[in-house]
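Residue numbers (this note's numbering): 106 to 486.
The structure appears below as structure tokens.
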């Protein structure tokens, strides 16, 4: 069995994903890596061990160069692929545009359309993937996975952004993001200091028809909700450990959080519930794309992607990163306590729920306006 990494290391690795998705600024990103003993120098490593047979370059984030995530590929080809590391999807996109060549890359669905429009990825023949039928159907419908009737993205890891709360401290009659607006708990709330999550949650609460594509008349409504939410905040968290300590002590009674908070709190003996809000839970999905003009062996690219989709890979992912895996059969092989602890025992229902909000690309104008709005509102805390 793969042993879990230290919690600080996992959080640093999670910060790499959040920084790459634009949810953490560079200063906080570097500070978090430094705290976990991870330097930028570790992000340029190649294959873990020498191998003459592998002929594949995998362009991914730091710490995803883990052979246990694609063990079947390693066994078949006698070694790991060449790992090329990026810290920012925009950086990765521009590097490929400028001539860098890889075979398989690892963006999130909210960025795939940009990669597609740049002409750097090609359709994936999913009939060549043994485990494709086991991928959650809900993921296959996410914007960016299928484009114009062809699949361009192979989902691999995923997670939720929702509200965790202390059921022994507060009364929740109906699970809703609206809990963050409840004045009874003013000064006892927290939220991730994030320029995407808070605005999108605010847009959902404001009744936006499509929170990722706001109309002009919806912006004032979003700001009004965000201002109301801001008034209840004890603080905005950037350090998950600090947030969990506050939740455990009762300094805060509810906060936006990711799936791992339930397990971490349960391990500490603290009762915490993780919402499936009536408005629909926010969900992110990342995975693999097949690059155009890759320098390696395309057959190996398919072998690699299939190895990543295997339940064996999924169990390693869950144990190392505390993320969900795209193969529904992974949960049958994973530790039931880990599955429940990560709130993944409700995975099928959440993924297939038509109300689920999968993170989607936003127009640059909307993204910039919401960032400015969030900073303005926070300044009033």
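The beta carbon of each residue, even a glycine, is placed where N, CA and C say it ideally should be.
For clarity, every value in this text was computed on a predicted model and none was experimentally measured.
- Within the region 164 to 197, complete alpha helix (DSSP H) segments of at least 4 residues are found at 176 to 182, given in chain order.
- In this structure residue 247 is not in contact with residue 426, their Cβ atoms being roughly 20 Å apart against a cut-off of 8 Å.
- Within its own chain, the residues whose Cβ lies closer than 7 Å to the Cβ of residue 395, once the five positions on either side in sequence are excluded, are 209, 226, 227, 229 and 406, listed in chain order.
- In this structure, the alpha-carbon of residue 220 lies about 15 Å from that of residue 468.
- Rounded to the nearest angstrom, the Cβ distance from residue 317 to residue 465 is 4 Å, consistent with a contact under 8 Å.
- The region 289 to 328 is shown to contain whole beta strand (DSSP E) runs of 3 or more residues at 294 to 297, in chain order.
- The count of Cβ pairs closer than 8 Å, one atom from the region 157 to 167 and one from the region 405 to 423, reaches three, so the stretches are in contact.
- Taking 9 Å as the cut-off, the beta carbon of residue 397 is found no closer than this to the beta carbon of residue 446.
- DSSP lists 248 and 256 as the bridge partner or partners of residue 251.
- Remark: C-beta atoms of residue 354 and residue 334 do not approach each other more closely than 9 Å.
- Membership of residue 370 in the alpha helix (DSSP H) is indicated by the continuous run 365 to 372.
- Cβ-Cβ separation between residue 249 and residue 217: approximately 4 Å, consistent with a contact (criterion under 8 Å).
- If you look at residue 395, you'll find it isn't in any alpha helix (DSSP H); it sits in the beta strand (DSSP E) that goes 387 to 396.
- Note that the region 378 to 391 touches the region 260 to 269; at least 3 beta-carbon pairs, one per stretch, sit closer than 8 Å.
- For residue 413, the uninterrupted alpha helix (DSSP H) segment begins and ends at 403 to 414.
- Within its own chain, the residues whose Cβ lies closer than 8 Å to the Cβ of residue 252, once the five positions on either side in sequence are excluded, are 217, 218 and 221, listed in chain order.
- In this structure, the beta-carbon distance from residue 302 to residue 296 falls below 9 Å.
- Residue pairing of residue 464 in beta bridges, as defined by DSSP: absent, with no partner found.
- Nearest to residue 359 by alpha-carbon distance, out of 420, 378 and 478, is 378.
- Annotated three-state conformation of residue 427 is coil, per DSSP.
- In the DSSP assignment, residue 264 forms a beta bridge with 389.
- Taken atom to atom, the span from the alpha-carbon of residue 477 to that of residue 304 is near 10 Å.
- The three-state reading of DSSP puts residue 343 in coil, since its state is none of H, G, I, E or B.
- Secondary-structure assignment with DSSP links residue 432 through a beta bridge to 240.
- Contact annotation, residue 381 with residue 451: C-beta distance approximately 6 Å; criterion of less than 8 Å satisfied.
- Distance from residue 432 to residue 231 at the Cβ level is roughly 13 Å; contact not present, criterion being Cβ atoms closer than 8 Å.
- Here residue 224 is exposed, its C-beta having fewer than 16 other C-beta atoms within 10 Å.
- Nearest neighbour of residue 349 by Cα position, chosen from 371, 435, 328 and 332, turns out to be 371.
- Residue environment for residue 197: buried (at least 16 other C-beta atoms within 10 angstroms of its C-beta).
- Between residue 457 and residue 177 a beta carbon distance of about 28 Å is seen, past the 8 Å cut, so the two are scored as non-contacting.
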